[in-house]
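Numbering of the sequence shown is given in UniProt numbering, commencing with residue 1 and proceeding in unit increments.
Using N, Cα and C, we set each Cβ at its ideal position, and we do this for glycine too.
Data first, discussion second: the structure below is written as structure tokens.
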Amino acid sequence: MHNSVYYIILIIIVLDFLFERYLEYLNSNSLSVQLPDQLKGIYNEEQYARSQEYEKVKSRFSLITASLSFLVIILMFALGGFGWLDNYLREWTNNPIWLGLLFFGVIGLASDILTLPFGWYSTFVIEERFGFNKTTVKTFIFDHIKSLLLAAVIGGGLLALVIWIYEQTQGMFWVYTLIVITAFSLFMTMFYSTLIVPLFNKQKPLKDGELRNAIQRFSERAGFKLDNIFVIDGSKRSTKANAYFTGFGAKKRIVLYDTLMDEMENEEIVAVLAHEIGHYKKKHIVSGLLLSLLNTAVMLYIFSLVVGRPEPALALGAHQASFHVGLVAFGILYTPLSFLIGMGMNVFSRKNEYQADSFAASYGLAEALGNSLKKLSVKNLSNLTPHKAYVFFHYSHPPLLARLKNLKK
């Protein structure tokens, strides 16, 4: 039986890789040398050529990194690497929590060593070449160290707790784990900007002035109490612009990148915030969180049915079933269902984006929002002609032209 599981895992890995490469191929072929008529007035010839070149460079780089990851995972399965690591660690400890932490710690460290040069190249070569990078070597190193520490403390802590719950409750562990994940998700939604973001960026309240007054006036019109408006130093790392909404109740806040404020007029910034407020007013944040938790519940329940079975562990070369080896096997076996769920979540997300755009348009900000989206696309060298299949499977936001068409309604 475990041989069948082994081959199913390999087939899933290969098919997933080939399908993703096919989508990348379609998307690359959708690039055009000539500036399409529908993009005139958004990009000029020089900007458009630069955006196409940026997309090609990213696509080639993605192919290299994805192929390397594919090769490593195939070798790990073909040579029984996961089983070998599990068997080796059992010479040092049989405590299931320590086994799980050491197992994923070694895999995570090895993965980090392999991917670090590619992260460096992406930041200091590709992003630098196209004028986006503002990250210094010092910032890059310290960001990496902080990320590793957060992964060890938060990720390791959660993993240890989940393994402990599994050891104590076995078949019912998925219920208690779901409670833990729900509580953690709510906590991070509430306090991410006050606890995690300050480790990497500085956030300052938006100063009193014309922009803050314009935002406050719109908030009052929309019936949205908003006192927490912050500006984040995104320019510390990149010239790309963005804005986001986070939190619930008294903890909700709007965060503006300083690069966004440098590029846009006040009305355009208000339109961007109107879009973000639209997500809140349309209950998209709550519905998204509930759907995510539902997805987690389904995943945990199915995992609880297979984690104790010996077949997944034997397929990976281990000598006995364990939580950590079962988790690796399940993560791959769950890929087809995860793919379908992710596709549905993207459809749901794109629908929400249209609704948030329409919310802003209902307050007379359609033109301002359209202008802001154009500026963001040009600023970030976005691909404005992605292939429809690539959009369907990967985009959580509709492409620019589709959003502009929606706004014109």
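With 16 other Cβ atoms within 10 Å as the buried cut-off, status of residue i
i      : result
Gln34  : exposed
Glu167 : exposed
Pro36  : exposed
Tyr43  : buried
Leu226 : buried
Asp86  : buried
Tyr88  : exposed
Arg221 : exposed
Phe187 : exposed
Ala368 : buried
Arg60  : exposed
Tyr22  : exposed
Tyr48  : buried
Beta bridge counterpart(s) of residue i as assigned by DSSP
i           : result
Ile232      : Gln203, Tyr257
residue 435 : There is simply no residue 435 to check, as the chain begins at 1 and stops at 409 in what is shown.
Ser30       : DSSP, once it has assigned bridges, lists no residue as partnering Ser30.
Lys134      : Its beta-bridge partners do not exist; DSSP assigns none.
Inter-residue Cα distance where the pair is residue i and residue j
i      : j      : result
Leu101 : Ile107 : 10 Å
Ile145 : Leu114 : 16 Å
Glu128 : Thr239 : 10 Å
Arg90  : Val270 : 58 Å
Glu311 : Tyr7   : 12 Å
Ala318 : Leu148 : 27 Å
Ala321 : Ala315 : 10 Å
Arg212 : Phe218 : 10 Å
Tyr176 : Tyr192 : 23 Å
Pro336 : Glu210 : 51 Å
Ala214 : Ser67  : 49 Å
Tyr257 : Leu206 : 11 Å
Val325 : Phe118 : 27 Å
Phe353 : Val162 : The amino acid occupying residue 353 in the given sequence is Glu; Phe does not appear at that position. Spanning the two alpha carbons is a distance of roughly 34 Å.
Arg253 : Gln216 : 13 Å
Tyr395 : Met345 : 10 Å
(request) List in chain order: all unbroken beta strand (DSSP E) runs of 3+ residues lying wholly within the stretch 358 to 401. (result) none
(request) Tell me, please, whether the stretch 162 to 178 touches the stretch 121 to 135 by the rule of three or more beta-carbon pairs shorter than 8 Å. (result) no
(message) Give the list of continuous alpha helix (DSSP H) stretches no shorter than 4 residues that lie fully inside the stretch 65 to 123.
(response) 81 to 89, 96 to 121
(message) When you compare the stretch 232 to 247 with the stretch 337 to 356, are there three or more beta-carbon pairs, one atom per stretch, that lie closer than 8 Å?
(response) no
(request) Determine contact between the stretch 47 to 66 and the stretch 96 to 105, defined as no fewer than three beta-carbon pairs at a distance below 8 Å. (result) no
(message) I want to know whether the stretch 18 to 31 touches the stretch 374 to 390 - three or more CB-CB distances under 8 Å.
(response) yes
(message) Across the stretch 297 to 306 and the stretch 399 to 406, are there enough close Cβ pairs to call them in contact, namely three or more that are closer than 8 Å?
(response) no
(request) Would you check if the stretch 275 to 288 and the stretch 319 to 337 touch, i.e. whether three or more CB-CB distances between them fall below 8 Å? (result) no
(request) List in chain order: all unbroken alpha helix (DSSP H) runs of 4+ residues lying wholly within the stretch 156 to 229. (result) 156 to 169, 173 to 195, 210 to 222
(message) Would the stretch 178 to 187 count as touching the stretch 292 to 300 if we require 3 or more Cβ pairs under 8 Å?
(response) yes
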